[in-house]
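Participant:
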Amino acid sequence: MNNIKEIIRSRTAKQKKFCTASAFYFAEQVHRMEVEDLFRTTKTNECLEIIRDLAEVLVWADKNEEDTFDQIVEGKIMETFERIVTNGLIPQEIKINVLSSITLILQNLSRVSSIYLLCSNNHINRMIAIEFDEQDDELLSRYISFLKSLSMRLNKDSVQLFFDREYDAFPLFSKTVKLLASDDALVRTAARQIVLNVAQIDDDAVKRYLDTTFMEICEIVLTSAVELITQLGATVPFLRQKRSGCGAGQQHRAYPSASGDQTRRRDGRPAVLERLVRYTTSRNRSEMC
Numbered sequence: 001m002n003n004i005k006e007i008i009r010s011r012t013a014k015q016k017k018f019c020t021a022s023a024f025y026f027a028e029q030v031h032r033m034e035v036e037d038l039f040r041t042t043k044t045n046e047c048l049e050i051i052r053d054l055a056e057v058l059v060w061a062d063k064n065e066e067d068t069f070d071q072i073v074e075g076k077i078m079e080t081f082e083r084i085v086t087n088g089l090i091p092q093e094i095k096i097n098v099l100s101s102i103t104l105i106l107q108n109l110s111r112v113s114s115i116y117l118l119c120s121n122n123h124i125n126r127m128i129a130i131e132f133d134e135q136d137d138e139l140l141s142r143y144i145s146f147l148k149s150l151s152m153r154l155n156k157d158s159v160q161l162f163f164d165r166e167y168d169a170f171p172l173f174s175k176t177v178k179l180l181a182s183d184d185a186l187v188r189t190a191a192r193q194i195v196l197n198v199a200q201i202d203d204d205a206v207k208r209y210l211d212t213t214f215m216e217i218c219e220i221v222l223t224s225a226v227e228l229i230t231q232l233g234a235t236v237p238f239l240r241q242k243r244s245g246c247g248a249g250q251q252h253r254a255y256p257s258a259s260g261d262q263t264r265r266r267d268g269r270p271a272v273l274e275r276l277v278r279y280t281t282s283r284n285r286s287e288m289c
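In UniProt numbering, the protein residues as written are 1 to 289.
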């Protein structure tokens, strides 16, 4: 890895980084680090810098050296990225950096053909399908940003790269649905945005697929809403007690107690949500008939 250290130390002019030679060099170094398993023996910062440099140069090449971008992406770099992300022995920090780098590239591509090159051959789909500890906040944050960036690039043509009609498989969407119930509010918000992005795609096969997941999504969203309302309801007695202690003789608005609230069932679930569940269930059954 001495040559990697040398190029980092000797690069005094920023413009030297953005050239065809550097693009191929960074791509080859990332590939070599993965093949020779150097991610576990080299200083993490040096590995991260090479990966970041490659991502930035690819964004530059997409706009300035199209042939260079095409050659690198059509080569082995996406397969290398896939192996890094899906290899359980690779340090987590390296995986996070690769996902962030792909997200950066996706957000800045200017050519439609570049998007197709980047997302072809199922490398991205296999990265989407990885299993990881959702309690790892940083990885989860980068992962959902990765999914959201992909969803922003979806249309009736590009969705074919992610949706397998024959096997009715849509990893990008199915993984997103699971994150609708995440404990992290930002992750839930991003997941909902992805669902909306997919729902806007004008494709009959995709619409039929979404119909099969409608009830699952409703159940997840409604369950989350019930939990939030229950948590809010639990604070009402505390607020009432706090307000009543503000001063004698002050007039305060009364808060209804849980036992006296006629719009709430005994199990704490608001009646309005019960009606919504019944409505969506009956509608789904009528459509099936």
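Where a beta carbon is used, it is the ideal one built from N, C-alpha and C, also for glycine.
For V159, collect the residues of the same chain with a Cβ closer than 7 Å to its Cβ; drop the 5 residues on either side in sequence, then sort them by chain order.
Facilitator: So the qualifying residues of the chain are I201, D203 and V206.
Participant: Hey, is the region 177-189 in contact with the region 160-169, meaning 3+ C-beta pairs nearer than 8 Å?
Facilitator: With a cut-off of 8 Å, the region 160-169 and the region 177-189 do not count as touching, because too few Cβ pairs lie within range.
Participant: Specify the secondary structure class of A225 as computed by DSSP and reduced to three states.
Facilitator: Residue state, collapsed to three classes: helix.
Participant: Whole angstroms is fine: what's the gap from V59's alpha carbon to T20's?
Facilitator: Using only the alpha carbons, I get a separation of about 12 Å.
Participant: From L118, I194 and Y209, pick the residue whose C-alpha is nearest to that of S145; which is it?
Facilitator: Considering only alpha carbons, the answer is I194.
Participant: Between D202 and the ligand NAP, is there a pair consisting of the residue's CB and a ligand heavy atom that are separated by less than 6 Å?
Facilitator: Here there are no bound small molecules, and the ligand NAP is not part of this structure.
Participant: Starting from the N-terminal side, write out each stretch of the alpha helix (DSSP H) that is 4 residues or longer and does not extend beyond the region 28-75.
Facilitator: The qualifying runs are 44-64 and 66-74.
Participant: Short check: CB of V98 to CB of I84, under 7 Å?
Facilitator: Yes, the Cβ-Cβ distance between V98 and I84 is below 7 Å.
Participant: Using 7 Å as the threshold, is the C-beta distance between I128 and K175 below it?
Facilitator: Closer than 7 Å, so yes.
Participant: At what residues does the alpha helix (DSSP H) containing L150 begin and finish?
Facilitator: Element bounds for L150: D137 to M152.
Participant: Which same chain residues, not among the five before or five after Q107, have their C-beta less than 7 Å away from its C-beta?
Facilitator: The answer, listed in chain order, is S149.
Participant: Between the beta-carbon of D67 and the beta-carbon of S110, is there less than 7 Å?
Facilitator: In this structure, S110 does not lie closer than 7 Å to D67 by Cβ.
Participant: Quick one: Cα of T103 to Cα of R192, how far?
Facilitator: Taking the straight line from one Cα to the other gives about 18 Å.
Participant: So Q29 and I50 are supposed to be a Cβ contact under 8 Å. How far apart are they, rounded?
Facilitator: Contact holds; Cβ gap of about 5 Å.
Participant: Helix, strand or coil for D164? Go by DSSP, reduced to three states.
Facilitator: DSSP places D164 in strand when its eight states are reduced to three.
Participant: Secondary structure at A181, three-state DSSP: helix, strand or coil?
Facilitator: A181 falls in the coil class under three-state DSSP.
Participant: If you draw a straight line from the C-alpha of V35 to the C-alpha of G88, how long is it?
Facilitator: The alpha-carbon atoms of V35 and G88 are separated by roughly 15 Å.
Participant: Would you kindly work out how many angstroms separate the C-alpha atoms of F81 and S224, rounded to a whole number?
Facilitator: Approximately 35 Å between the Cα atoms of the pair.
Participant: What do you get for D53, buried or exposed, if any count of 16 or more other CB atoms within 10 angstroms of its CB means buried?
Facilitator: That one is buried.
Participant: Beta-carbon within less than 7 Å of I105's beta-carbon, same chain only, minus the 5 sequence neighbours each way: which residues are those?
Facilitator: For I105, where only same-chain residues beyond five positions count, the Cβ hits under 7 Å are A55, L58, V59 and L118.
Participant: Drop a sphere of 10 angstroms on the beta-carbon of A27, count the other beta-carbons inside from all chains shown, and report buried for 16 or more, exposed for fewer.
Facilitator: So A27 counts as buried.
Participant: So the alpha helix (DSSP H) S100 belongs to, where does it begin and stop?
Facilitator: S100 -> alpha helix (DSSP H) spans Q92 to N108.
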